[in-house]
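Heads up, the thing below is written out as structure tokens.
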Amino acid sequence: MKARAEVRFTFKDKREAETVFKALKPEVQASRSFKSRVQMRLEGRSLTMVFRAPTLSSLRASLNSFCRWVSQLQRILELASRG
681 MKARAEVRFT
691 FKDKREAETV
701 FKALKPEVQA
711 SRSFKSRVQM
721 RLEGRSLTMV
731 FRAPTLSSLR
741 ASLNSFCRWV
751 SQLQRILELA
761 SRG
């Protein structure tokens, strides 16, 4: 893999980070069958994702997808907390 990126998301609390981690886990496992690879680490209220891909365009596609999913999950959690 030629292209690599590391992204860290920091959430308001550990519970929110764990929820996002668990929600994305199936996507990370599925990424093994695609061009790019993604690894996740949960550290307190931070979620670190490491992306590896053979090309920059593949890397960008993975980054866009995962960042969009994290954003949507944060919105869902925010709406759910409002009741």
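The numbering of the sequence shown is our numbering, which starts it at 681 and goes up by one.
Glycine included, every Cβ here is placed at the ideal spot set by N, Cα and C.
Since the model is a prediction, treat every value here as computed from it, not as a measurement.
Helix, strand or coil at residue i [DSSP, three-state]
i           : result
residue 735 : coil
residue 745 : helix
residue 692 : coil
residue 714 : coil
Sheet register partners of residue i (DSSP bridge)
i           : result
residue 686 : 730
Extent of the continuous beta strand (DSSP E) to which residue i belongs
i           : result
residue 721 : 717-723
Buried/exposed call for residue i, threshold 16 Cβ in 10 Å
i           : result
residue 727 : buried
residue 731 : buried
Stretch pair the region 716-727 + the region 739-746: three plus CB contacts closer than 8 Å:
yes
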